[in-house]
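Working notes for the structure below.
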Amino acid sequence: MVEKNKEYILEVVSQGYEGEGIVKVDGFPIFVEGALKGEKIKVLVIKVKKTYAFGKLLEILEPSKDRETPICPIYKRCGGCTLQHMKYRGQLDFKKDRVKDCVSKIGKLSEDLVLDTIGAEYPYRYRNKVQLPVGLINGEIHIGFYALRSHDIIDLKDCYIQDEVADKVVALTKEWMKKYNVLPATIEGKYNPKGVLRHIMIRKGFKTGEVMIVPVTNSLELPYKKEFIEVMKNNIEGLTSIVQNINDKETNVILGMRNNTLWGRDVITDYIGDFKFNISPLSFFQVNPMQTETLYSKALEFAELTGEEVVFDAYCGTGTITLFLSQKAKKVYGVEIVPQAIEDAWKNAKENNVENVEFFVGEAETVIPELISKGVKADVVVVDPPRKGCEQSLLEAIANISPKRIVYVSCDPSTLARDLRILEDMGYSTLKVQPVDMFPQTAHVECVALIEKR
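Mapping to the UniProt record's numbering: the sequence shown position 97 is 97, numbers consecutive.
Listed below in structure tokens is the structure:
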């Protein structure tokens, strides 16, 4: 029986889905943050549930070959990364093992279907977008990520997973706030309606070098905005756009729906492959452009298009995958529930002179059956759903038209495995699952699965 507040010396037998080490006492699992598979550790049990417990790592008695010292000095307090204490090769193996575990246990499929994780060329400084909360703590301005499982802002100077320009914008914003006594919208962790600045968002075009700065404010007016514009113009290379976003609601949602361009253009641009995209403050755009190109290229490869196929792209967002598929398809139909995303998708198609695409607003599980009823039949279907996976009604609608191939792009191995099982039971076979590391130093992993009609 595992006892709370008792110390144990145990071997870490595996890693949990969030990267935490798992030790066992008589088969009873204890999750230990910061521990790595293969290590012998001293652990203090801090919470006991019915079927598992949580422990605190007290001492590493025998370290793993995959352990390394994190380069970030605030790594243990900040919630931005969870795997920086693991060598990058070990991170890639962990992500493959995580996908294999889901595929075999949830999908009831062979783990041999899972290929080696495709890693990043450089696993740091990859993020092209960051949005950071701003708060006043003990009289000091804090800008940074939240601590893990809390709303405590960990003040940061350097963040090793975001572009260096973001670090510079953060430092300049703090100086501007202090100089002109601009108050944040959070004081000591509590919402302050009389404050001004809620968040600061920074976006950078990876291939263009264009920079957008977005102060998110409580109020329509940004005090000392001329001074804010001047300090950024004089110090930020590549600055293209400063857009104020207004969010006057007491909510955890970061961005409001109103934008006010203070300086420069309304958008910045960037490329994925040969395709150019306009990016506004509210636009969805993958945060790791190099690995996005890898992910989409793999989806295009799995689709095996010859130029004669009709393709459905469900959950198409702003049309990024749709445009990739259009290179080798006869026609691609993109479906997305967010109207603004579809507006951007049409603009992106026009910007890139792509004519063999068509976009529809609505739930994929509703729109695709409607297209089918009108006689549109797809040879290949690509799905890129949110973390919750595909609705079963969509999978049933897809199976009813019997496409030759389904390419499933997933940001969650658990729901991917569940949906692969459903498709298997509908007469499809999963041929391979390719993990791609879009988010180094974190436990997240993207996958592309190739599924064919039996």
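No residue lacks a Cβ here, since even glycine has one placed at the ideal position from N, Cα and C.
On a predicted model such as this, the values are computed, not experimentally measured, just so you know.
Nearest-angstrom Cα separation, counted from residue j out to residue i
i	j	result
Val196	Gly189	15 Å
Lys225	Glu391	46 Å
Glu227	Pro133	21 Å
Arg258	Asp248	10 Å
Val32	Gly55	5 Å
Thr430	Ile342	30 Å
Glu111	Gly80	30 Å
Tyr160	Phe285	20 Å
Val448	Gly27	34 Å
Ala299	Val381	11 Å
Thr322	Asp313	6 Å
Pro184	Ile246	14 Å
Glu355	Ile137	53 Å
Glu308	Ala378	11 Å
His151	Phe145	9 Å
Pro386	Lys179	42 Å
Leu420	Gly139	52 Å
Boundaries (first-last residue) of the beta strand (DSSP E) holding residue i
i	result
Cys447	446–453
Met212	211–217
Ala378	Segment: none, Ala378 is in no beta strand (DSSP E) and carries neither H nor E.
Ala314	310–314
Phe206	Note, Phe206: premise wrong, no beta strand (DSSP E); not H, not E.
Gly27	It is not in any beta strand (DSSP E) - Gly27 carries neither H nor E in the DSSP assignment.
Asn278	275–279
Glu7	7–11
Contact set for residue i: own chain, Cβ-Cβ below 6 Å, skip 5 residues either direction
i	result
Tyr271	Lys207
Val170	Ile143
Leu394	Ala364, Glu365
Ser261	What sits at residue 261 in the sequence shown is Thr, not Ser. So the qualifying residues of the chain are Val243.
Lys204	Asn128, Asp163, Val165, Val211
Asp167	Asp158
Phe275	Leu323, Asn352
Helix, strand or coil at residue i [DSSP, three-state]
i	result
Ile321	helix
Gln441	coil
Ser241	strand
Ser326	helix
Arg258	strand
Val165	helix
Thr173	helix
Glu336	strand
Tyr180	helix
Ala341	helix
Ala349	helix
Leu136	strand
Leu148	coil
Leu113	helix
Arg387	coil
Glu39	coil
Cys159	coil
Leu61	strand
Cys81	coil
Unbroken alpha helix (DSSP H) run spanning residue i, endpoints
i	result
Glu293	289–303
Arg421	413–424
Arg98	88–105
Ala364	364–373
residue 506	Beyond the ends of the chain as shown, which are 1 and 454, falls residue 506; an answer cannot be given.
Ala399	392–401
Cβ shell of residue i (< 7 Å), same chain only, five flanking positions each side left out
i	result
Thr82	Glu18, Gly19, Thr442, Ala443
Leu92	Thr117, Gly119, Asp437
Thr240	Glu210, Val211, Met212, Gly264, Arg265, Ile268
Gly317	Phe284, Glu336, Ala341
Asp155	His142, Ile143, Gly144
Same chain, Cβ closer than 8 Å to residue i, five either side skipped, listed in chain order
i	result
Val13	Ile22, Val23, Lys24, Lys37
Val231	Leu172, Glu175, Trp176
His85	Gly34, Leu36, Arg67, Glu68, Thr69, Pro70, Tyr75
Lys47	Lys4, Ala53, Phe54
Ala397	Glu365, Ile368, Pro369, Ile372
Cβ of residue i within 8 Å of any chain B Cβ
i	result
Gly256	Note that chain B does not occur in the displayed structure, where there is just one protein chain.
Would you check if there are 3 or more beta carbon pairs closer than 8 Å linking the segment 286–304 to the segment 392–408?
Verdict: yes, contact present.
Does the segment 123–131 touch the segment 271–290, meaning 3 or more C-beta pairs lie closer than 8 Å?
yes
Between the segment 322–336 and the segment 363–374, can you find at least three pairs of beta-carbon atoms closer than 8 Å?
yes
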